[in-house]
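What follows is a set of notes on a single structure, which appears directly below.
Number of protein chains: 6
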Amino acid sequence: MQEKSGFVPNIFLLLAHRPDEFRAFFAYHDALMDKPSNLTKAEREMIVVATSSANQCQYCVVAHGAILRVRAKDPLIADQIAVNYRKANITDRQKAMLNFAMRVAANAYAVGDADFAILKQHGFDEEDAWDIAAIAAFFAMSNRLANVTDLRANEEFYMLGRS
Amino acid sequence: MQEKSGFVPNIFLLLAHRPDEFRAFFAYHDALMDKPSNLTKAEREMIVVATSSANQCQYCVVAHGAILRVRAKDPLIADQIAVNYRKANITDRQKAMLNFAMRVAANAYAVGDADFAILKQHGFDEEDAWDIAAIAAFFAMSNRLANVTDLRANEEFYMLGRS
Amino acid sequence: MQEKSGFVPNIFLLLAHRPDEFRAFFAYHDALMDKPSNLTKAEREMIVVATSSANQCQYCVVAHGAILRVRAKDPLIADQIAVNYRKANITDRQKAMLNFAMRVAANAYAVGDADFAILKQHGFDEEDAWDIAAIAAFFAMSNRLANVTDLRANEEFYMLGRS
Amino acid sequence: MQEKSGFVPNIFLLLAHRPDEFRAFFAYHDALMDKPSNLTKAEREMIVVATSSANQCQYCVVAHGAILRVRAKDPLIADQIAVNYRKANITDRQKAMLNFAMRVAANAYAVGDADFAILKQHGFDEEDAWDIAAIAAFFAMSNRLANVTDLRANEEFYMLGRS
Amino acid sequence: MQEKSGFVPNIFLLLAHRPDEFRAFFAYHDALMDKPSNLTKAEREMIVVATSSANQCQYCVVAHGAILRVRAKDPLIADQIAVNYRKANITDRQKAMLNFAMRVAANAYAVGDADFAILKQHGFDEEDAWDIAAIAAFFAMSNRLANVTDLRANEEFYMLGRS
Amino acid sequence: MQEKSGFVPNIFLLLAHRPDEFRAFFAYHDALMDKPSNLTKAEREMIVVATSSANQCQYCVVAHGAILRVRAKDPLIADQIAVNYRKANITDRQKAMLNFAMRVAANAYAVGDADFAILKQHGFDEEDAWDIAAIAAFFAMSNRLANVTDLRANEEFYMLGRS
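Protein chains in written order, with this note's numbering: chain A, -5 to 157; chain B, -5 to 157; chain C, -5 to 157; chain D, -5 to 157; chain E, -5 to 157; chain F, -5 to 157.
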């Protein structure tokens, strides 16, 4: 990220304070967000933006909103998903993906067969379900860390990918 | 708005379908948002953005986020308030204003003396409290109308006031 | 209202303090509650009573409960709907109407195709859906104004239409 | 109740179906509602009406609303408390009593020293706290039974004590 | 209970303070928990444990968890149901029973035909529905009493039925 | 863990399916739970049990409840904290620690100066606050993964540390 964008995201500075946690955090992050998967990188960022908005995490919505705009090559999509993903210009399959992610974010204790059946109807298999759930779960953690530490998004993120 | 920005906000098209409601809606809107008041126009837009985000209203967050950026001459403020106004770069007085607005949006039935005492500590008098409450209440209505009719924000709003 | 009942509802006194808002409020109110519509006037008052009770608005439940009793020529209906509309002596079609109104009052951000399909099954078309939503939205505003200003219902309303 | 009012409340008919439960229910009810206590009988009915309204129990709000009107000799009080007890014409001490009752109804798991300290400030001792809590708890049970069995209030209750 | 276990459950000591309430409470309890019914005694304790856990009642979860382990002859079942009954090793029929009990505990106002239809599909008749609802309702009361009085479970309960 | 207890916790088997995530998960876990800190290891497990119970995570409550019993050398503490930590036999300082952890688990977006002031009153500094928040956040993630994958606790955990 730093190399491409020319600035150091503030989350790096925050976690640098705790080197062991820093390494584990980014190892986990990269395993979920950068490895090959049936979910496109833009779709993974959609999950981050939708669930981080439900958790009211300013850093994550602004920073990952920027990455989503870049990856989806769409200047409008991040704001739409942040405010109400149900009304965003995305496919029904992507809405099903986000419905599941939001269940994991808010009601994981009640996730069950009915949820997986809907995912399957939209072509998501068990590995895809894991990916969606793991990203929603990882940002359940990140959102809480960022909110408690009052982490601010770098100013550069606000404009990235808007034009 | 149209004259200055060169496009017709979609809310006009939506309500044009019902001329009597259209006239009353905009008469009410203008009485609250354009008349002289102790609240600056930027502060009034902060109320709109914060409460509309809580109500997940895409049109209102995107359109009034744009107006807020223009009125506050601040390209970052709308996104900050939309995601989590408690963490936005605004004054403590403005946070007290938004705390009250959010009480009206979510728990108006429990508003009482303690709320007004806090407002008073921050220099808001009874007329100011009415202004804050009336704007939060008006957008409680607008947000619901926009969400039920799936109203989309004009594309022009997304970039307005960002640079 | 005043002419028929012989007293001035307190909401008039409250809003008289702000003439521009007064005019817009009642113009909007009358456009929704008095104009011709597929919804009967009693049905529109049912929407007011059910959603105002969810918002714990004393003025609106007591005053519009009275109007509902008068319009429906039924002394019991308002109390039933105020406490739990699901258990009131109304038709299934009216319950579907109130289910939709309550969705608008509480979860408008999630209203979608499934909601409109249910309305259609009960014979409500798109204009009817607008009417239901607009009344629920208008009283989302009114309820908040009345609660914040501690508006009390005129004593006359409590007995109106009970015998 | 029957003797005085000349009709048999429907809750008697409902529970007659289960004689052992019937006897225990009314023994418990009478121990809480009819025995000597520092709370007046009208105050005890206030607790029933406020908590039963939060639980949306039609039978209990309508029937005990009637009893409250009779006991308080006030035709307006029951409707006020049913919709929003915070705005009812009752004393601050009675509002503290209802705040505690509502905590028991909704969040008993969090009741603690702070709650008892507020009660004490208003002159309620430990026995009074028990009375308030026990009534709120007993109607937590009654409200659920009445809602599940779709219990309707006798028509006579609606008008009782209104003039 | 005392005779079999050799100790006096603390709930007896708590309520001994109020003899009339004591007698009514245990008469009601025994009518629901000890009489013949289509629900096994273990199933009735499942209802107690699941709903008491939702109400965060330490006494009821620990004490009735012990009784459930004894009655079901299963050392694991109580902890599973207390944390998340949806993931416990119980039958689908028992999950349907607990789904209904949890509706009564949390949303009794919305219980209706759809709920009874699901119960019927799993072989529960109207009397069984009453039993489930009455137990959930009775412990809605007990849980509140125990939480307000800070009732602790006897130490003996923690180990009962674990080996 | 395995070495000491003689069995492999099921979470290892679950995550073995994804080696990169496995390594990052346990690196993070160990950095938070095993490193030197002002919080005792028993206190850290208290945070896990309280927040995991709020998230209804069966694996985490049962497995970490066992570890808590062992580390605190107290056979009762885990069940008490799981059901209602406010009523557990722990110090006021530990209750303040758990209050903060629960804020992070449920409302991290609203954590602010008032929360840190309370922590400070109980002798927790900024590093301690980070530890509490990071553990609550990490298990916000773990709880969601375990619930979505229906992860069961090893039977051995249920009895560990009870005698």
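Note that the Cβ used here is the ideal one computed from N, Cα and C, for glycine as well.
Nearest-angstrom Cα separation, counted from D/K29 out to D/R87 = Your numbering for residue 87 of chain D matches position 93 in the fourth sequence. Your numbering for residue 29 of chain D matches position 35 in the fourth sequence. Using only the alpha carbons, I get a separation of about 21 Å.
Extent of the continuous alpha helix (DSSP H) run through D/D109 = Looking up residue 109 of chain D in the fourth sequence gives position 115. D107 to Q115 is the extent of the alpha helix (DSSP H) around D/D109.
Spatial neighbours of F/M(-5) within its chain, please: CB distance less than 7 Å, with the 5 preceding and 5 following residues excluded, ordered by chain position.
-> Taking the first residue of the sixth sequence as 1, we reach residue -5 of chain F at position 1. Any reading at F/M(-5) is ruled out, since the residue's pLDDT is 48, under 50, leaving its predicted position unreliable.
Cβ-based neighbour list, B/Y158, same chain, cut-off 7 Å, excluding 5 preceding and 5 following | Here chain B covers residues -5 to 157 and nothing more, so residue 158 of chain B does not appear.
Using a Cβ cut-off of 8 Å (strictly closer), state whether B/N178 contacts chain F.
-> Since the first residue of chain B shown is -5 and the last is 157, residue 178 of chain B is not available in this structure.
Out of A/L139, A/A140 and A/A102, which has the shortest C-alpha to C-alpha gap to A/A123?
-> As a first step, residue 123 of chain A must be located in the first sequence, where it is residue number 129. Among A/L139, A/A140 and A/A102, the Cα nearest to that of A/A123 belongs to A/A102.
Might you give, ordered along the chain, the residues of its own chain that have their beta carbon closer than 8 Å to the beta carbon of B/H116, omitting 5 neighbours on each side?
-> If you number the second sequence from 1, residue 116 of chain B lands on position 122. So the list reads D86, R87, A90 and M91, once near-sequence residues are dropped.
Starting from D/Q50, find everything on chain C with Cβ-Cβ shorter than 7 Å and list it in chain order.
-> Your numbering for residue 50 of chain D matches position 56 in the fourth sequence. Taking a Cβ-Cβ cut-off of 7 Å, the neighbours of D/Q50 in chain C comprise V77 and N78, given in sequence order.
In chain order, what residues of the region 131 to 142 of chain F put their CB closer than 9 Å to some CB of chain A?
-> A131, F132, F133, A134, M135, S136, N137, R138, L139, A140, N141 and V142
Going along chain D in order, which residues have a C-beta closer than 7 Å to the C-beta of E/A18?
-> To locate residue 18 of chain E, count along the fifth sequence from 1; it is residue 24. Those within 7 Å of E/A18 in chain D are A18, A21, Y22 and A25.
Can you list the residues of chain B that F/A99 reaches, using a CB-CB cut of under 7 Å?
-> In the sixth sequence, the residue the question calls residue 99 of chain F occupies position 105. Ordered by position in chain B, no residue passes the 7 Å Cβ test against F/A99, which lies about 17 Å from the chain.
Where does F/R97 sit, in a helix, a strand or coil, going by DSSP?
-> As a working mapping, residue 97 of chain F is identified with position 103 in the sixth sequence. Note: F/R97 maps to helix in three-state DSSP.
Which term fits C/L139, buried or exposed, when burial requires 16 or more other beta carbons within 10 angstroms of its beta carbon?
-> Position 145 of the third sequence, counted from the first residue, corresponds to residue 139 of chain C. Burial call: buried.
CA nearest to the CA of F/R156, picked from F/L113, F/A57, F/V105 and F/D125 = The residue given as residue 156 of chain F occupies position 162 in the sixth sequence. The shortest C-alpha separation from F/R156 is found at F/A57.
Residue burial classification, D/K81 (beta-carbon count within 10 angstroms, cutoff 16) | Residue mapping note: residue 81 of chain D aligns to position 87 of the fourth sequence, counting from 1. By the Cβ neighbour-count rule, D/K81 is buried, with 16 or more other Cβ atoms within 10 Å of its own.
Counted within 10 angstroms of its Cβ, other Cβ atoms place D/F6 as buried (16 or more) or exposed | The residue labelled residue 6 of chain D in the question sits at position 12 within the fourth sequence. Classification of D/F6: exposed, given that the 10 Å Cβ count is below 16.
Residues that E/A104 contacts on chain C, provided the C-beta gap is smaller than 7 Å = Within the fifth sequence, residue 104 of chain E is the residue found at index 110, counting from 1. Identification of chain C residues near E/A104 by a Cβ-Cβ cut-off of 7 Å yields R80, ordered along the chain.
Is there at least one Cβ from chain B nearer than 8 Å to C/D14's Cβ?
-> Taking the first residue of the third sequence as position 1, residue 14 of chain C is located at position 20. Cβ-Cβ to chain B under 8 Å: yes for C/D14.
F/S46 beta carbon near the ligand MN (any heavy atom closer than 7 Å) = Here there are no bound small molecules, and the ligand MN is not part of this structure.
With a 10 Å radius around its C-beta and 16 neighbouring C-beta atoms as the bar for buried, classify C/N137 as buried or exposed.
-> Position 143 of the third sequence, counted from the start, is the residue given in the question as residue 137 of chain C. Buried: at least 16 other Cβ atoms inside 10 Å.
Which residues of chain B have a Cβ atom closer than 7 Å to the Cβ of A/N74, listed in chain order?
-> Within the first sequence, residue 74 of chain A is the residue found at index 80, counting from 1. Looking at the sequence itself, residue 74 of chain A is Gln, so the reference to Asn does not match. Neighbours of A/Q74 on chain B, chain order: Q52.
Could you pull the start and end residues of the alpha helix (DSSP H) that D/C54 belongs to?
-> Translated into the one-based positions of the fourth sequence, residue 54 of chain D becomes position 60. D/C54 -> alpha helix (DSSP H) spans Q52 to A66.
Beta-carbon gap between B/I165 and B/A130 smaller than 8 Å | Residue 165 of chain B falls outside the range modelled here, since chain B spans only -5 to 157, and no answer is possible.
Mapping DSSP to helix, strand and coil, what is F/H23?
-> Numbered from its first residue, the sixth sequence carries residue 23 of chain F at position 29. It is helical.
Supposed contact pair E/A95 and E/V143 - C-beta distance, whole angstroms, cut 8 Å | Counting from 1 along the fifth sequence, the entry for residue 143 of chain E is found at position 149. Counting from 1 along the fifth sequence, the entry for residue 95 of chain E is found at position 101. The sequence shown places Thr at residue 143 of chain E, rather than the Val named in the question. Wrong, their Cβ atoms sit about 24 Å apart, outside the cutoff.
Please report how far the alpha carbon of F/F1 lies from the alpha carbon of F/N148, in whole angstroms.
-> Position 7 of the sixth sequence holds residue 1 of chain F. Position 154 of the sixth sequence holds residue 148 of chain F. Near 8 Å, if we compare the C-alpha coordinates of F/N148 and F/F1.
Endpoints, alpha helix (DSSP H) assigned at A/N137 = Your numbering for residue 137 of chain A matches position 143 in the first sequence. It spans E120 to V142 - the alpha helix (DSSP H) in which A/N137 sits, taken as one unbroken run.
Close Cβ partners of A/A127 (< 7 Å) along its chain, the five nearest in sequence each way excluded | Position 133 of the first sequence, counted from the start, is the residue given in the question as residue 127 of chain A. When the five nearest sequence neighbours on each side are left out, the beta carbons in the same chain lying within less than 7 Å of the beta carbon of A/A127 are those of V98, in order along the chain.
Ordered along the chain, which non-local residues of its own chain (more than five positions away) have a Cβ less than 6 Å from that of F/Y53?
-> Position 59 of the sixth sequence, counted from the first residue, corresponds to residue 53 of chain F. Correct list, in chain order: A140, L145 and A147.
Hey, E/L70 and F/Y152 are a contact pair by Cβ (cut 8 Å); roughly how many whole angstroms apart?
-> Against the fifth sequence, residue 70 of chain E aligns to sequence position 76. Against the sixth sequence, residue 152 of chain F aligns to sequence position 158. Their Cβ separation, rounded to whole angstroms, is 5 Å, which keeps E/L70 and F/Y152 in contact under 8 Å.
CB contact below 8 Å: D/M153 versus chain C = On the fourth sequence, position 159 is the one that residue 153 of chain D refers to. With 8 Å as the cut-off, D/M153 counts as an interface residue toward chain C.
Buried/exposed call for A/N32, threshold 16 Cβ in 10 Å = Counted from its first residue, the first sequence places residue 32 of chain A at position 38. A/N32 is exposed by the Cβ-count criterion.
Taking only the alpha-carbon atoms, compute the straight-line gap between B/V64 and F/L113 and give it to the nearest angstrom.
-> Working through the second sequence from its first residue, we reach residue 64 of chain B at position 70. Working through the sixth sequence from its first residue, we reach residue 113 of chain F at position 119. Distance between the alpha carbons of B/V64 and F/L113 is about 40 Å.
First and last residue of the alpha helix (DSSP H) that includes D/A76?
-> Sequence index remark: in the fourth sequence, residue 76 of chain D carries index 82 (1-based). Segment I71 to N78, the alpha helix (DSSP H) holding D/A76.
Using the C-alpha atoms, what's the distance from C/A72 back to D/G59?
-> Numbered from its first residue, the fourth sequence carries residue 59 of chain D at position 65. Numbered from its first residue, the third sequence carries residue 72 of chain C at position 78. Linking D/G59 to C/A72 through their CA atoms gives a straight-line distance of about 14 Å.
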